[in-house]
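Read through the structure below, which is laid out as structure tokens, and then see the notes.
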Amino acid sequence: MDFSKELLKKLYCTMLRIRHCEESLIEPILDGSVRCPVHLYSGQEAIAAGVCSNLEEKDYVFGNHRSHGHYLAKGGDMNAMVAEIYGKSTGSAKGRGGSMHLIDVENGIMGVAPIVAGTISLALGAALSSKVKKDNRVTVTFFGDGATGEGVLYESLNFASLKKLPVIFVCENNYYSTHLHISEIRTNDNISEIAKPFGMACFKVDGNNIFDVYEKSKEAVNLCRGGKGPVFMEFLTYRLRGHVGPDDNVQGSHTDIRPKEEIENWRKKDPLIFLSSYLLKNNIFSQQQLDEMKKEVEKEVSAAKAFAVNSEKPSKEELNYYVFKQ
Amino acid sequence: MSSNNNRELSYSLAINEAITQLMDADSTVMLIGQGVKSPWYVGNTCNDLIKRFGEERVIDTPVSENAMTGAAVGAAIAGMKAMVVHPRADFVLYAFDPIINQAANWHYMSGGQSNVPVVFWLIVNRGGEQAAQHSQALHSVFAHIPGLKVVMPSTAYDAKGLMIASINDNNPVVFSDDRWLYSQKGIVPEELYEIPMGKGIVRNEGKDITLVSYSYMAVESAKAVGELKKESVSVEFIDLRTIKPFDEDLIINSVKKTGKLVVADGSWKTNSFASEIISSVNEKAFEFLKAPSARVCLPDTPAPSASSLENVYYPDYKNIIDAIKSVLKWKKEK
């Protein structure tokens, strides 16, 4: 497949925006200025970037507790996201949601929620609505390997297949379900196999290789757009950070979850390093050009932080706003 | 449409007419649920819906309550007016996540950016020796949840008007009806109309005591009112119609007049919605109360099967009469 220079820049910058934005949150978490639970996406950026760059603005995305990447890649406003994480009234949910309830309906980010597998069935409904309205939208639901333990996933696979819904089930298999390695929650790690009995296209993809992610996602989107959905995609990846917050869950520290060597091995497969090496090696961009992109991203991230820090918290009189829509 | 002001319709056909007319008028209305093809499940409430509106908007589903309820919520998030029916209210217990975690919280946790115009239609199917998992009335549980509205019509007229109001509402609504009401007949206008949510109605004016009820217990309450009239007891009977939000003013004003209150509620006594009504009267009209208020509810026991047990399990008009008489007789011990 041919990747234009423009597309490569877009993918690289999307991944870079996610990484820098994520890592910029560590300091404010540690100093207490960010209090809500924050599940960092560092290490998984190629998936959000590769999947979402195949979507149109009108397409729908539903996410989970670890959805900063999905939100940014689908076109969500960074200022509103960071302000939401800081619990400010300028946030995407006006300080009612925090990191785990990002939303930007205008850009097709229909909602994210931390109840594991909780938005999978919502994506079914969004896809059903597209069928009724014949609006040719594709809906993507992002979930993790932990969600394969939830019954609603299998109910949803069956129904999506039965009704040939234009929905893509994206499982980001980062090998950990909170604190448990996948070997402790499943008898095998062949997650993509679970969708086969339901008679849908299934892909197993290296989630740290942006080229594979992009190409396979394109195929999945085309299948759905052409009435040949649903599609199930398993992306193999690894979160460089721990389950929540900046704690890396390293064995031998105060937690006893992930072996140091495992983390080191995955660092070598960092999707950003993979892509930047490719871009340099093939003379697509010079180091100087990559540095400029990075500078731009850093500027955007610091501006978002400043926006969040300078915004107000919602006032106490507003506590019960938005319980009902009038 | 020529309006016939005296046309009679059963409660269940009033629901059918509400859905049919609204689906006709609004192409974003859709219905998902187990058994919408089958009178065995939903009585005649869904007659001809698939024939008229097709299988994309009226979907009989696999037995997957959690995903199907979530699908209705997701469709509503994406701009449909979605309804999901659970033909036995008990089945909804598989679907608490999409109802409570997602739909009820959605508008709030999105800071008002996204709303969920979905109806969770629960058919209570008590009696008939169906035992504990085919008989439960869960309205008090749902009324506890912020972000949900709960309606409980007792007449054919209200069933149509509240179904239409529920579907047109911008928020998640639990529409709870009862198979024991389905054959009740009443005058139902042919045109589309809404009963405003949160508005109760005084079915009988009286001065001795206030009786509040909703859904099937309103039928038993009406019987009790009739019987007591023969004994010259004047009962002010309020059919609440919606329990969340509920017409607090209507009840408070009535209790200010009568000074006495009985609530008849078809759910279990502990934490029943009846308890909520009595609390609110205590908070807002304590000085007007002349006797302790009373609840007529189900005992705190799962529904039995054997009819001999069912007969004592389900309260009827006689229990309501007894409760009213004991409140009227109450005297402060010196």
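If you're matching them up, the sequences are chains V and Z in order. 293 is the number that numbering that gives the first Met the number 0 gives to position 294 of the first sequence; each next residue is one higher, with no gaps. 217 is the number that numbering that gives the first Met the number 0 gives to position 218 of the second sequence; each next residue is one higher, with no gaps. Here a beta-carbon is modelled for each residue, glycine too, at the ideal position from N, C-alpha and C.
query                                                                                                                                : result
CB contact check: D246 of chain Z to chain V, cutoff 8 Å                                                                             : no
is_contact[M109 of chain V, chain Z] using C-beta, thresh 8 Å                                                                        : yes
Reduced DSSP category for V115 of chain Z - H, G, I as helix; E, B as strand; rest coil                                              : coil
Cβ-based burial, M0 of chain Z [other Cβ within 10 Å; buried from 16]                                                                : Here the model assigns M0 of chain Z a pLDDT of 47, short of 50, so the residue's position is not dependable and the matter cannot be decided.
I31 of chain Z to R87 of chain Z span [Cα, whole Å]                                                                                  : 14 Å
First and last residue of the uninterrupted beta strand (DSSP E) at K203 of chain V                                                  : A200 to D205
Rounded Cβ spacing between T138 of chain V and Y59 of chain V (contact assumed at less than 8 Å)                                     : 4 Å
One or two residues paired with S212 of chain Z in a DSSP bridge                                                                     : Z:D238 and Z:A263
Chain V within 8 Å of H106 of chain Z, Cβ atoms only                                                                                 : yes
Best match in Z:N318, Z:T300, Z:E286 and Z:N310 for proximity to R294 of chain Z [C-alpha to C-alpha]                                : Z:N318
Buried/exposed call for L121 of chain Z, threshold 16 Cβ in 10 Å                                                                     : buried
Buried or exposed (CB count within 10 angstroms, at least 16 for buried), D264 of chain Z                                            : buried
Nearest residue (CA-CA) to P27 of chain V, options V:T177, V:M99, V:V308 and V:D211                                                  : V:V308
Reference V150 of chain Z; option with closest CA among Z:H143, Z:M196 and Z:N124                                                    : Z:M196
R257 of chain V classed as buried or exposed, judged by whether at least 16 other C-beta atoms fall within 10 angstroms              : buried
Positions along the region 66 to 90 of chain Z whose CB lies within less than 9 Å of some CB in chain V                              : A66, M67, T68, G69, A70, A71, V72, G73, A74, A75, I76, A77, G78, M79 and A81
The region 121 to 138 of chain Z touching the region 88 to 97 of chain Z, judged by at least three CB pairs closer than 8 Å          : yes
Residues near K87 of chain V by beta carbon distance below 7 Å, same chain, minus five either side                                   : G94, A307, S310, E311 and K312
Whether L375 of chain Z touches G258 of chain Z by CB criterion (8 Å)                                                                : For residue 375 of chain Z there is no data in the structure shown, the boundaries of chain Z being 0 and 333.
Beta-carbon contacts of C45 of chain Z that lie in its chain and below 6 Å, excluding the five residues immediately before and after : V35
First through last residue of the beta strand (DSSP E) which encompasses I186 of chain Z                                             : K184 to I186
8 Å CB neighbourhood of L222 of chain V in its chain, flanking five on each side removed                                             : A200, G228 and V230
Cβ neighbour criterion (16 or more within 10 Å) applied to Q286 of chain V                                                           : exposed
Nearest-angstrom Cβ-Cβ length linking V37 of chain V and V243 of chain V, presumed shorter than 8 Å                                  : 7 Å
Inter-residue spacing [alpha-carbon to alpha-carbon] between P64 of chain V and E297 of chain V                                      : For the sequence presented, residue 64 of chain V should be read as His rather than Pro. Taking the straight line from one Cα to the other gives about 24 Å.
Nearest-angstrom Cα separation, counted from S98 of chain V out to I184 of chain V                                                   : 26 Å
Sub-8 Å separation of C20 of chain V and M77 of chain V beta-carbons                                                                 : yes
Bounding residues of the alpha helix (DSSP H) (the contiguous stretch that carries V140 of chain Z)                                  : H138 to A142
Chain-ordered residues of the region 24 to 58 of chain Z with a beta carbon less than 7 Å from chain V                               : M29, E55 and R56
CB contact check: G127 of chain Z to chain V, cutoff 8 Å                                                                             : no
CB-CB length for S205 of chain Z against E230 of chain Z, believed under 8 Å                                                         : Here residue 205 of chain Z turns out to be Gly, not Ser, going by the sequence shown. Between E230 of chain Z and G205 of chain Z the Cβ distance is about 13 Å, and since that is not below 8 Å, they are no contact.
Contact check, V169 of chain V vs F141 of chain V, beta carbons under 8 Å                                                            : yes
CB contact check: L54 of chain V to chain Z, cutoff 8 Å                                                                              : no
R16 of chain V and L71 of chain V closer than 8 Å at C-beta                                                                          : yes
Under 7 Å (Cβ pairs) to chain V, residues found in the region 161 to 174 of chain Z                                                  : N169 and N170
Per-residue DSSP class, three states only, for C20 of chain V                                                                        : helix
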